[in-house]
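Structure first, commentary second.
And the structure:
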């Protein structure tokens with residue numbers, strides 16, 4: 001069953017058109033009532049005035065109401081009978097119960113329509129007729145007067161009659177105009193209220209947004225256009241709120257990064273200054289100690305250089321000018337080349353390598369330079385934070401629509417409290433701000449580069465492997 005569209009489902013134009021059609025129908029119905037009502041009242045009014053302005057024989061009463069006191073034998077009745085007129089007593093059903101005088105026509109009862117026709121006193125009627133209410137024994141009844149038309153001379157005071165007629169017409173026209181005006185005002189108010197109510201809600205929401213209340217959401221029950229405006233407003237508010245939160249987080253992250261960078265640079269630079277000053281002032285005379293001091297200065301300066309390079313690489317990935325060189329490449333041999341380049345360091349660290357790369361070709365969409373940095377960073381992270389004898393596994397598998405690279409180890413693992421922030425800049429496993437703790441930017445750079453290529457990088461663990469980095473990219 002198809003249901004009628006509700007107001008919320010209709011466009012505003014259709015809703016207003018339907019309301020206007022309803023308004024027109026009401027106006028037409030009201031106009032018809034006014035016309036027919038005016039016609040009916042004017043008929044009665046004119047008939048009454050015609051009776052009021054009748055000028056007959058001064059000695060003859062032509063209104064039935066003048067005979068109510070004693071219709072059977074009053075002096076007025078005698079004059080009527082001498083003029084060949086008569087009176088008929090009607091009961092509530094308009095049936096003739098008594099005739100006073102000589103009845104010169106045949107009807108013994110009347111319908112309401114017949115009485116109204118007679119009371120019009122058309123010039124073609126043979127008799128002049130007048131009617132008055134005449135209760136009998138507690139029941140309703142009527143007294144009907146009939147008089148030959150040739151015995152009645154009717155003249156009209158035209159000025160008085162036309163004055164009254166004009167006044168009546170003016171009154172009924174003004175009454176109709178007032179009713180129509182009331183309808184127009186009611187319709188206008190209804191339409192204005194329907195449109196203004198949702199607009200006020202939307203304006204109030206905009207004011208709250210201007211004041212910084214980005215959590216404002218609108219609920220509007222109105223025509224389709226207003227609901228679409230509310231939905232658009234809510235979408236805009238949601239986007240602004242998210243952007244504001246993200247901007248604040250980025251600002252906080254930027255401040256934290258600057259503080260962390262300042263701290264990480266301060267420690268090695270202070271050490272370099274101290275050892276350099278000792279050498280410069282000649283406080284170290286032993287050649288072996290001098291060599292150790294110089295080696296320490298070299299290592300610390302290398303650490304500072306590496307920190308700055310990683311910081312520049314991280315900022316480079318955030319730059320809008322950064323250009324990707326995406327393409328579809330074979331991934332198996334690509335991984336083997338990276339492992340071959342790092343194999344010397346893996347042996348030096350006394351790690352056990354498990355390479356799980358299938359012989360079949362596996363293709364994926366990636367930037368070779370970026371992906372090489374990501375894999376190298378993950379391998380360096382495993383080599384730097386785990387003891388000798390750790391097993392390092394590098395795996396490659398294919399899924400529908402995606403390719404997965406896993407770099408895992410069974411080393412010391414990453415504390416649970418750091419897993420949610422391990423990809424943030426300057427977070428280092430379980431030892432922060434130590435001389436051997438690396439730069440703390442490797443994993444942040446790895447995730448940034450992965451996301452640049454449209455992939456994901458997540459950290460998990462299992463019973464056999466304490467750390468599992470899963471890198472997923474598109475085929």
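Numbering (full-length UniProt numbering), first residue to last: 1 to 475. Beta carbons: idealized from backbone N, C-alpha and C, even for Gly. Note that the structure is a prediction, hence the values are computed from the model and not measured.
Under the three-pair Cβ rule at 8 Å, the region 449-464 counts as touching the region 365-380.
When secondary structure is reduced to three states using DSSP, residue 334 falls in the helix class. Residue environment: residue 196 is assigned as exposed (fewer than 16 neighbouring CB atoms within 10 Å of its CB, all protein chains considered). Here the alpha carbon of residue 66 sits roughly 40 Å from the alpha carbon of residue 30. Taking 7 Å as the cut-off, the beta carbon of residue 381 is found no closer than this to the beta carbon of residue 466. In this structure, DSSP gives residue 284 a state outside helix and strand, which the three-state scheme calls coil. At a Cβ-Cβ threshold of 7 Å, residue 361 and residue 330 count as neighbours. When the beta-carbon positions are compared, residue 275 and residue 293 come within less than 7 Å of each other. The three-state secondary structure of residue 79, taken from DSSP, is helix. A distance below 8 Å between beta-carbons, with the five flanking residues on each side excluded, links residue 105 to the following residues of its chain, in chain order: 126, 127, 146. Look at residue 397 here: in three-state DSSP terms it is strand. In the DSSP assignment, residue 372 falls within the unbroken alpha helix (DSSP H) covering 368-385.
Under the DSSP assignment, residue 448 falls outside any beta strand (DSSP E), being part of the alpha helix (DSSP H) whose first and last residues are 442-452. Distance check between residue 358 and each of 342, 327, 343, 395 places 395 closest, using alpha-carbon atoms only.
Taking 7 Å as the cut-off, the beta carbon of residue 100 is found no closer than this to the beta carbon of residue 135. Counting along the chain, residue 144 sits inside the beta strand (DSSP E) bounded by residues 142-148.
In the three-state DSSP reduction, residue 230 falls in the helix class (H, G or I).
Distance from residue 300 to residue 272 at the Cβ level is roughly 5 Å; contact confirmed, criterion being Cβ atoms closer than 8 Å. Going by C-alpha positions, residue 296 is about 36 Å away from residue 457. Across the structure, residue 191 and residue 214 are spaced so that their CA atoms are roughly 31 Å apart.
Looking at the DSSP output, residue 290 sits in no beta bridge, so it has no partner there. Around the beta carbon of residue 311, 16 or more other beta carbons lie within 10 angstroms, which makes this residue buried. With fewer than three CB-CB distances shorter than 8 Å, the region 204-219 does not count as touching the region 74-81. Leaving aside the five residues that flank residue 377 on each side, the residues in its chain whose CB is nearer than 8 Å to its CB run, in chain order, 442, 443, 445, 446. According to the DSSP secondary-structure assignment, residue 89 is paired through a beta bridge with 98, 143.
Assignment of residue 274 by DSSP, reduced to helix, strand and coil, places it in the helix class.
In this structure, residue 336 sits away from residue 393, with a CB-CB distance that is not shorter than 7 Å. In the three-state scheme derived from DSSP, where H, G and I count as helix and E and B as strand, residue 214 is classed as coil. The beta carbon of residue 97 lies closer than 6 Å to those of 89, 91 in the same chain, with the five residues before and after it left out. Judged by their CB atoms, residue 414 and residue 422 are nearer to each other than the 7 Å cut-off.
DSSP links residue 136 through a beta bridge to 139. Residue environment for residue 448: buried (at least 16 other C-beta atoms within 10 angstroms of its C-beta). With contacts defined as CB atoms closer than 7 Å, residue 109 and residue 95 qualify as a contacting pair. DSSP places residue 348 in the helix class (H, G or I) of the three-state scheme. Here DSSP, grouped into helix, strand and coil, assigns residue 243 to helix. Residue pairing from DSSP places residue 474 in a beta bridge opposite 402.
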